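Everything on this sheet refers to the single structure shown next.
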DNA sequence: AATTAATCGAGACGGTACGTCTGGTCTTAGA
DNA sequence: TCTAAGACCAGACGTACCGTCTCGATTAATT
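Residue numbers (my numbering), protein chains in the order written: chain H, 21 to 228; chain X, 21 to 228; chain E, 21 to 228; chain V, 21 to 228.
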């Protein structure tokens, strides 16, 4: 049950036309289609409205901005795609998680969405907070794996979880955004090995 | 040798008014000022023109887009600020380099510029190539340090330089762009330690 | 029946905000005011938008060019001003019609509009067609008077109506545009006398 | 040696490079060519400069505006084309004169020039005066013919020469500018007949 | 069944900045 | 001192979307 960004009952209704689910789906589908066809910059609210046969005001009623719309479309597209892996080892969990993450390149829409959202977070301070939370939720999943590794004794108890997450996600985003080197799911395992070595290299570096 | 993005003599001149250096400086100064005051999204060509007391067409004559302008203003602002360090050890060089890099947070203009440029690279395919080259030049400086480390025997000769650069720059950009954790120059040393540990951890992970 | 160039219901509405009559009137009033103040060449769409407190896009939505706007403003200004005269004689009708026409000089806005529209018709081929039609409608009014004269037996049935209209309107426009001699309503009667003499002088001259 | 609007030596020269007659001719030729190809509106000083391989400033040095340039080019094109006819009768003179005038339609450049100049006279008050003088010179030629007719006794001595000129030129310009009816040299004779009838119809109509 | 209230599509509204264009001026190097 | 070249300031152009706002028409849940 993904993408609950617009709750079902925000105030005690006493009548009135109910929200059209058809419209909602049309909008998300149009967003996805346009993202794939022209990329994030070519995506406009007007374009989505036209494509979805929906009024602009209907879009603005349910989503407050273009990135909010994209974040919903992205969530719908990846729903139930990322079950938290549990392979029994940190290396296994992380590798599974990262491999799936790197697969983003196989889905133009996901790639455009991620790049566009990151761009928008730089340009729209209001969205930046939302984006930060969204990123935070992905980080939480990852730090959960690390915590299980600590419980198992695979990792020291004092590692800096935040720094670990940066070390894992940083290079991914950097490659995705700059595009100097293609992302390949096969790179995930090697990256995990490196990161684990770094984490075991000594005291947490962020705050000595 | 700063800010040569617009060379002084691109074709053999045979007459014609010479480019106004005053105009050029006014434009870059206005860009810097506006970046500091309102951030990248509030920066507009019209605003720069008005602030610099310059015609819009003069800006468009020398810079093909807003990010091209910002990249020049950034280069001017950081000119001669980053001499390539040479401390005798890889760790020392990298730490010096990264410490200076992390200082970006002390200069709002530099921070706004970096974030805005990365955003623009996602939105403007034409600029993306320019940006990639620009990023590449920074990476080259860094890999130069690593190569010297290899020469000195501090690092194995088969490490993946590209991956190393990703590992170093990735977390920096990730923090800069997401903003979940503040950047602090003091973190640089710890990060270098981690990265070097990762690089020594085994075979190059990217392409075995 | 004034100023219907932008009809109130051009296509069967099925929803949507209705056109703002206030905006329409503000625009036409601003056009008239600016015509009077600075003349046709100083009239700009931007100026009208600013004066009328209206978005430029609103103007472009309803008028495709500056002359189209002026033609509407002119029509509004002269609405119901020129009832077709019916005095019982050709000479009387024509004199009344021409006298009113010559009064254009008393209204700077009308004079500026006429001169500007004629100029624009030379410069903008697309508008030329519109202008020709507009001129045609004035000619039709005039030839209607002549036709009544033929019915009454005042004029021969074989006169060239087109040529007659040229003979009547030509000198008016020529004076208006060149400005070598001031237009005066009192000249109308004499001109009519001359023209009628010319028309009675013999066979239609244009195509024997 | 036509088109002396820009004399060869306007102030007592005291040395320096002499005016390039080649440049002058190139400019006028380019003006004529562009008038024929794209009409008056497509004619720009920049275009002329490019076509004539001449600097914009060179054009501005010798001609103060676009219409001044066109008026020179027109004069050059029609030089020695219009000898004042002397057939022995007013009707003959006028018909010869008008027939030649109506031939303008056979020369696109002349037609474009006339229409453009008239348009410009409406838009550029400074040029309007020049244009009025230019028009005046053509009127003088015509009134000269009428005066000879008075001398011969063909016309009454008290006819209004100015009005006569308006009656003759007005319909010509009106057709040329509006374009509702094609101009044809064969129409000249009939028009002359009509006008003479009008002039003989009675007292001068302009000022009773 | 009538009422009420929130939805829906449509599309006009005021705005802002865009990138282009032309005009007319000014400053060079070279003839 | 002129010429060609071309940069300069200025400002209107017409376009694209933005986010807001009226419309009339639906569509439930509540009376």
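Backbone N, C-alpha and C fix where the C-beta goes; we use that ideal spot for every residue, glycine too.
All values reported here derive from a predicted model rather than from experimental measurement.
Practice prompt. Quick one: list the residues of chain X neighbouring residue 122/H, beta-carbon separation under 7 Å, in chain order.
Written response: Within chain X, no residue comes near residue 122/H; the closest Cβ sits about 12 Å away, beyond 7 Å.
Taking 8 Å as the threshold (beta carbon to beta carbon), is residue 217/H in contact with chain X? Judged by the 8 Å Cβ criterion, residue 217/H is in contact with chain X.
Open item on the list: How far does the alpha helix (DSSP H) with residue 59/V in it extend, from its first residue to its last?
Closed with: Taken as a continuous stretch (DSSP letters only), residue 59/V belongs to no alpha helix (DSSP H), as it is neither H nor E.
**Asked** What residues in the segment 61-77 of chain X bring their beta carbon closer than 7 Å to a beta carbon of chain H?
**Response** Cβ contacts with chain H: 61.
Open item on the list: Between which residues of its own chain and residue 201/V is the CB-CB distance below 8 Å, once the five residues before and five after are set aside?
Closed with: Contacts found: 195.
Practice item. With 8 Å as the limit, tell me which residues of the segment 184-199 of chain V have their beta carbon closer than that to any beta carbon of chain E; keep them in chain order. Key: Within the segment 184-199 of chain V, those residues whose Cβ lies closer than 8 Å to any Cβ of chain E are, in chain order, 186, 187, 189, 190, 191, 192, 193, 194, 195, 197, 198 and 199.
State the start and end residues of the unbroken alpha helix (DSSP H) segment that holds residue 143/H. From DSSP, the alpha helix (DSSP H) with residue 143/H extends over 128-143.
**Whether residue 148/E touches residue 141/E by CB criterion (8 Å)** = Yes, the Cβ-Cβ distance between residue 148/E and residue 141/E is below 8 Å.
Point to revise | Where residue 36/X meets chain H, residues with beta-carbon distance less than 7 Å | key: Those do not exist, as residue 36/X stays about 37 Å from chain H at its closest Cβ, beyond 7 Å.
**Message:** Taking contact to mean 3 or more Cβ pairs, one atom from each stretch, closer than 8 Å, check whether the segment 167-186 of chain V and the segment 120-128 of chain V are in contact.
**Reply:** Contact fails: fewer than three Cβ-Cβ distances are below 8 Å.
(request) Starting from residue 211/E, follow the alpha helix (DSSP H) in both directions and report where the run begins and ends. (result) That run of the alpha helix (DSSP H) goes 207-220.
Next on the checklist: Distance check for residue 88/V and residue 63/E, CA to CA, integer angstroms please.
Outcome noted: For residue 63/E and residue 88/V, the distance between alpha carbons rounds to 23 Å.
Within 8 Å, do at least three Cβ pairs link the segment 38-57 of chain X to the segment 70-83 of chain X?
Counting Cβ pairs under 8 Å, three or more are found: they touch.
Take residue 107/X and list the residues in its own chain whose beta-carbon comes closer than 7 Å to its own, dropping the five residues that flank it on each side. So the list reads 113 and 116, once near-sequence residues are dropped.
Do you know whose CA, among 57/V, 126/V, 99/V and 130/V, lies nearest residue 206/V's CA? The residue from 57/V, 126/V, 99/V and 130/V with its alpha-carbon nearest to that of residue 206/V is 126/V.
Report task. Would you kindly work out how many angstroms separate the C-alpha atoms of residue 209/V and residue 203/V, rounded to a whole number? Result -> When rounded, the distance between both Cα atoms is 13 Å.
Assigned exposure category for residue 157/E - 16 Cβ within 10 Å defines buried = An exposed status is given to residue 157/E, since fewer than 16 other beta-carbon atoms sit within 10 Å of its beta-carbon.
request  = With a threshold of 16 other CB atoms inside 10 Å of the CB of residue 213/E, please say whether the residue is buried or exposed.
outcome  = Buried is the label assigned to residue 213/E, since at least 16 other Cβ atoms lie within 10 Å of its Cβ.
Quiz item: For residue 183/H, which of 111/H, 137/H and 160/H has the nearest alpha-carbon?
Solution: Nearest C-alpha to residue 183/H: 160/H.
Among residues of its own chain, excluding the 5 on either side of residue 29/X, which ones have a beta-carbon nearer than 8 Å to its beta-carbon? Low confidence applies here, because residue 29/X scores a pLDDT of 39, under 50, leaving its location unreliable; read the following figure in that light. No residues qualify anywhere along the chain.
- Query: What span of residues does the alpha helix (DSSP H) with residue 77/E cover, start to end?
  - Reply: Residue range 76-82 is occupied by the alpha helix (DSSP H) that includes residue 77/E.
* Asked: In chain H, what lies closer than 8 Å to residue 181/X by C-beta?
  -> The contacting residues do not exist; residue 181/X stays about 11 Å from chain H at best.
| request: Give the residues from the segment 150-162 of chain H that approach chain X closer than 9 Å (Cβ to any Cβ), ordered along the chain. | output: If the cut-off is 9 Å between Cβ atoms, the segment 150-162 of chain H has 151, 152, 155, 156 and 159 near chain X.
**Message:** Can you give me the C-alpha to C-alpha distance between residue 96/X and residue 45/X, rounded to a whole angstrom?
**Reply:** Cα to Cα, the separation comes out at about 10 Å.
Inter-residue spacing [alpha-carbon to alpha-carbon] between residue 35/E and residue 43/X:
A direct Cα-Cα distance of roughly 52 Å separates residue 35/E from residue 43/X.
Do residue 129/H and residue 56/H have their beta-carbon atoms positioned less than 8 Å apart in this structure?
Yes, these two residues count as a Cβ contact at 8 Å.
Query raised in the report: With burial defined as no fewer than 16 other Cβ atoms inside 10 Å of the residue's Cβ, what is the status of residue 178/X: buried or exposed?
Result: It counts as exposed.
Report task. Would you please state the rounded distance, in angstroms, between the beta carbons of residue 163/H and residue 187/H? I believe it to be under 8 Å. Result -> With 8 Å as the limit, residue 163/H and residue 187/H do not qualify as a contact, their Cβ atoms being about 12 Å apart.
Original post:
Residues of chain X with CB under 7 Å from residue 135/H, in chain order?
Top reply: 142, listed in chain order.
Helix, strand or coil for residue 162/H, going by three-state DSSP, please let me know.
Looking at residue 162/H - three-state DSSP - the assignment turns out to be helix.
For a test of the three-state rule: what should DSSP assign to residue 85/X, helix, strand or coil? Under the three-state reduction of DSSP, residue 85/X is assigned to coil, being neither helix nor strand.
For this session: For my contact list, residue 111/H and residue 217/X are in at a C-beta cut-off of 8 Å; report their separation, rounded to the angstrom.
Result: Contact between residue 111/H and residue 217/X does not hold, since the beta-carbon distance rounds to 16 Å and is not under 8 Å.
Measuring CA to CA, which of 145/H, 41/H and 86/H is closest to residue 66/H? Ranked by how close their Cα comes to the Cα of residue 66/H, the residues 145/H, 41/H and 86/H have 86/H in first place.
inquiry  = In whole angstroms, give me the CA-to-CA distance for residue 239/V and residue 137/E.
reply    = For residue 239/V there is no data in the structure shown, the boundaries of chain V being 21 and 228.
For this session: Examine chain V for any beta-carbon lying closer than 8 Å to the beta-carbon of residue 85/E, and answer yes or no.
Result: With 8 Å as the cut-off, residue 85/E does not count as an interface residue toward chain V.
**Asked** Name the chain X residues that come within less than 7 Å of residue 119/H, Cβ to Cβ?
**Response** None at all; the shortest Cβ gap to chain X is about 13 Å.
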